[in-house]
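Student: First the structure, then my questions, so here it is.
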Amino acid sequence: MLHAAEGSSQTPPAGEQSRGDHTVTFPTPEPAIHGPVPSNDVAKHLGHIGVAALVAGVLKTTIHVASFGAQVAAIPGLAAAVSVLKEIVSAIEKVHHNKEQCRNLVERSKAIVQVIELHWSVDTALYRTADLERFVSLLEDIRDAMIAWGSHGYFGCFIRLHQMSAFIEKKKRELDLALEKFNVEAHLRLQRMIDEVRQSLGPDGSFKAMLNKYAKDQEQLFVIMGELQKINREQAPGSADQAKTRGRILKVQSILGGALPDVNLSRAECQKVEETPSIKAKNHDIYEGLWMGNQKVALKVYRDIGNDADRRSMINQRITRQVSIWSQLRHEHIVTLYGVCTDDGPYPYLVMPWYPSNAVQYVKFKDQAAKLKVCLEAARGLQYLHSLARPIVHGNLRGSSILISEDERAVLSDFGLCNVAGTENSTSITTESMRWMSIEAQRGQRSPDVDTWAWAMTALELLSGKVPFHEIKMKGALALKIEAGALPKRENYDLEGSIDDNLWSILQACWREPQKRLSADEIVEQLGHCVADKWLNSSGS
10 MLHAAEGSSQ TPPAGEQSRG DHTVTFPTPE PAIHGPVPSN DVAKHLGHIG VAALVAGVLK
70 TTIHVASFGA QVAAIPGLAA AVSVLKEIVS AIEKVHHNKE QCRNLVERSK AIVQVIELHW
130 SVDTALYRTA DLERFVSLLE DIRDAMIAWG SHGYFGCFIR LHQMSAFIEK KKRELDLALE
190 KFNVEAHLRL QRMIDEVRQS LGPDGSFKAM LNKYAKDQEQ LFVIMGELQK INREQAPGSA
250 DQAKTRGRIL KVQSILGGAL PDVNLSRAEC QKVEETPSIK AKNHDIYEGL WMGNQKVALK
310 VYRDIGNDAD RRSMINQRIT RQVSIWSQLR HEHIVTLYGV CTDDGPYPYL VMPWYPSNAV
370 QYVKFKDQAA KLKVCLEAAR GLQYLHSLAR PIVHGNLRGS SILISEDERA VLSDFGLCNV
430 AGTENSTSIT TESMRWMSIE AQRGQRSPDV DTWAWAMTAL ELLSGKVPFH EIKMKGALAL
490 KIEAGALPKR ENYDLEGSID DNLWSILQAC WREPQKRLSA DEIVEQLGHC VADKWLNSSG
550 S
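Taking the working numbering, the leading residue of the sequence shown gets 10, the next gets one more, and so forth.
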């Protein structure tokens with residue numbers, strides 16, 4: 010995903026201290042942001058006179074990296090942005106070409122941090138969390154690129170100059186777009202939206218009229234849902250007023266879909282219905298829950314946390330990371346994650362809709378066309394994940410991680426290894442999960458091609474009714490077999506002629522070397538033709 014970095018061993022510009030100090034310049038807050046537009050390159054691209062004046066201060070004030078960010082600790086998530094920014098500054102010192110262009114990215118990023126500080130408020134904070142997380146992710150992309158470029162050495166950077174320059178220009182544009190989310194116009198617009206919602210939810214307002222007015226405005230609906238969430242938490246549990254508010258939340262959620270603005274849930278939003286889990290797994294249990302006092306939901310409770318403080322902290326961080334990624338996904342073939350609840354018992358639990366069965370259970374009594382439909386919809390879910398600006402790797406795909414909705418739609422769930430492409434994951438691998446995983450996935454690599462391998466193994470499982478390598482029972486033997494490059498043999502699975510030549514060729518193309526495998530886009534296209542052919546043949550017979 011990442012490309013190499015740049016640098017040149019030029020003398021730092023005025024306003025920056027030497028690289029040995031690792032100091033950075035930082036804009037001084039200005040009470041009035043209506044100053045003259047500076048002529049520097051950063052200001053030209055920001056396109057907002059107030060922000061441009063702010064960025065003019067970037068080169069004026071210098072503070073040490075050690076103290077950088079002390080004033081941002083009160084803003085959730087901003088400290089993480091500052092931490093990554095420090096790492097970028099440090100990484101740039103090892104880059105041998107285009108160093109000034111790299112520093113330009115730092116200047117833009119620092120300006121965004123300052124703008125966030127200037128315009129942050131308690132009222133709007135809830136609706137800026139996702140934007141701030143995306144900003145941190147963008148900085149992580151830049152940091153990883155700088156580190157990679159620095160590792161290439163002088164000549165390695167030189168031969169990558171074009172690639173580096175293209176990456177930097179792309180990130181400049183992305184930073185400018187990120188800035189637009191936090192500038193004064195965006196802040197005032199959001200505040201006006203909040204004020205209007207609060208007025209409509211008041212005794213003299215009309216919720217129905219407001220909902221009709223903004224039925225197709227996702228941003229406004231998100232604010233409506235957030236303000237309702239705040240009200241719900243303030244009302245007396247079980248009161249008529251709370252029941253009314255919860256009904257409104259469900260109404261907006263049915264239009265907008267997805268999670269509530271605050272995904273850190275409490276018993277005000279969900280509760281366990283029973284003390285006995287409906288499903289028990291090795292590391293987690295699934296309980297039946299009640300969402301907004303009305304809807305049946307699944308509560309995924311993590312048990313394998315233990316009492317060790319460090320381990321508990323690590324797992325909680327992973328859960329938080331998973332929730333921050335998963336809750337922002339919006340697709341018909343991805344399970345909606347409502348959030349995580351931490352105040353209802355000793356263990357945290359994820360909250361999601363309740364689904365009657367998984368794909369393995371569902372296909373047992375279905376014909377070939379229905380099985381292919383599940384495989385195709387699972388591929389469409391992967392297609393969505395892999396097409397995001399920062400591609401997401403599911404990392405745990407198998408038949409049991411595909412759930413089936415009441416309208417018989419397949420959705421991807423159980424993001425136990427869900428991660429952003431390019432990052433590592435240290436989750437232990439069980440004998441069973443190994444059956445669906447490529448060699449590089451077992452070694453910790455997380456890239457979209459590990460999902461396409463797993464998709465093919467999952468399709469094989471659903472079409473044949475047999476798990477991959479079902480003839481091998483021992484973990485050691487299975488590991489050796491996979492390490493040696495063994496692949497499923499068609500005769501061990503296609504006992505009834507249910508996997509024709511076209512289907513088998515698609516599966517085989519997903520088991521090639523990583524760079525030669527089909528992409529999710531190609532799977533959807535090729536399998537779509539197979540499904541269409543099967544449907545035409547069945548309807549014509």
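Note that beta-carbon positions come from the ideal geometry of N, C-alpha and C, so glycine has one too.
1. Could you please give the first and the last residue of the uninterrupted beta strand (DSSP E) stretch that includes ILE413?
2. What did DSSP end up calling HIS538 once you bin it into helix, strand or coil?
3. Let me know if GLN227 comes out buried or exposed under the rule of 16 or more other beta-carbons within 10 Å of its beta-carbon.
4. LEU381 and VAL540 look like a contact to me (Cβ under 8 angstroms); what is the Cβ gap, rounded to whole Å?
5. Would you grab the beta carbon distance between ALA468 and CYS350 for me? Rounded to a whole angstrom, and I think it's under 8 angstroms.
6. Going by DSSP, name the residue or residues bridged to MET361.
7. From the DSSP output, in three-state form, read off GLU417 for me.
8. Distance check for ILE156 and LYS103, CA to CA, integer angstroms please.
9. Rounded to the nearest angstrom, what separates ASP352 and ILE121 at their Cα positions?
10. Using alpha carbons as the reference points, say which of LEU274, GLU531, MET483 and ASP458 lies closest to GLN238.
11. Tell me which residues share the same chain as ILE328 and place their Cβ nearer than 8 angstroms to its Cβ, disregarding the 5 neighbours each side in the sequence.
12. What separation, rounded to the nearest whole angstrom, lies between the Cα atoms of GLN229 and MET202?
13. Check whether the Cβ atoms of GLY404 and HIS340 lie closer than 8 angstroms to each other.
14. Would you call the region 210 to 226 in contact with the region 122 to 134, where contact means no fewer than 3 C-beta pairs closer than 8 angstroms?
15. Is there contact between the region 106 to 120 and the region 364 to 383, where contact requires at least three CB pairs shorter than 8 angstroms?
16. Reducing DSSP to helix, strand and coil, say where LEU299 ends up.
17. Closest by CA to ASN501, which one among ARG207, ASP460, SER473 and LEU516?
18. Look up LYS281 in the DSSP assignment and say whether it is helix, strand or coil.
19. Inspect the beta-carbon positions of PRO457 and ALA529 and report whether they are closer than 8 angstroms.
20. Buried or exposed: ASP319, going by 16 or more other Cβ atoms within 10 Å of its Cβ?
21. Report all residues from its chain with a CB closer than 8 angstroms to the CB of ASN303; omit the five preceding and five following residues, and keep chain order.
22. Going by Cα to Cα distance, which pick from GLU297, GLU243 and LEU87 is closest to THR285?
23. So, is MET483 buried or exposed, given that buried needs 16 or more other C-beta atoms within 10 angstroms?
24. At which residue ranges does the region 212 to 285 contain complete beta strand (DSSP E) runs of 3 or more residues, listed in the order of the chain?
25. According to DSSP, is ASP294 helix, strand or coil?
26. Could you check the C-alpha separation between LEU471 and ARG117 for me, to the nearest Å?
27. Taking the DSSP output, what are the residues bridged to ASN367?
28. Based on Cα-Cα distance, which residue from ILE151, SER99 and SER507 lies nearest to LYS375?
29. Grab me the residues of ARG526's own chain with a C-beta within less than 8 angstroms of its C-beta, minus the 5 sequence neighbours each way, in chain order.
Tutor: Let's see:
1. Element bounds for ILE413: 411 to 413.
2. Collapsing the DSSP output to three states places HIS538 in a helix.
3. With fewer than 16 Cβ atoms within 10 Å of its Cβ, GLN227 is classed as exposed.
4. With a contact defined as Cβ atoms closer than 8 angstroms, LEU381 and VAL540 qualify at about 5 angstroms.
5. Between CYS350 and ALA468 the Cβ distance is about 34 angstroms, and since that is not below 8 angstroms, they are no contact.
6. According to DSSP, MET361 shares a beta bridge with ALA307.
7. In the structure shown, GLU417 sits in coil (DSSP, three-state: anything other than H, G, I, E or B).
8. Taking C-alpha positions only, LYS103 is separated from ILE156 by approximately 8 angstroms.
9. Cα to Cα, the separation comes out at about 34 angstroms.
10. Considering only alpha carbons, the answer is LEU274.
11. Excluding sequence neighbours, ILE328 sits near TYR311, VAL349, PRO357 and LEU359.
12. The straight-line gap separating the alpha-carbon atoms of GLN229 and MET202 is approximately 7 angstroms.
13. Going by C-beta atoms, GLY404 is not nearer than 8 angstroms to HIS340.
14. With the cut-off at 8 angstroms, the region 210 to 226 and the region 122 to 134 do not touch.
15. Result no; under three Cβ-Cβ pairs closer than 8 angstroms.
16. In this structure, DSSP gives LEU299 an extended state, which the three-state scheme calls strand.
17. Measuring from the Cα of ASN501, the nearest candidate turns out to be SER473.
18. It is a strand residue.
19. For PRO457 and ALA529, yes; Cβs fall inside 8 angstroms.
20. With fewer than 16 other CB atoms across the displayed protein chains lying within 10 angstroms of its CB, ASP319 is exposed.
21. Take ASN303, set aside five residues on each side of it, and the residues of its chain with a beta-carbon closer than 8 angstroms to its own are ARG255, GLY256 and LEU259, in chain order.
22. Among GLU297, GLU243 and LEU87, the Cα nearest to that of THR285 is on GLU297.
23. Result: exposed.
24. Within the region 212 to 285, the complete beta strand (DSSP E) segments of 3 residues or longer fall at 279 to 281, listed in chain order.
25. Taken through DSSP and simplified to helix, strand or coil, ASP294 comes out as strand.
26. Each residue's CA atom was taken as its position, placing LEU471 and ARG117 some 50 angstroms apart.
27. Partner(s): LEU412.
28. Among ILE151, SER99 and SER507, the Cα nearest to that of LYS375 is on SER507.
29. Cβ neighbours of ARG526 beyond the five flanking positions: ASP458, THR461, TRP462, ALA518, CYS519 and TRP520.
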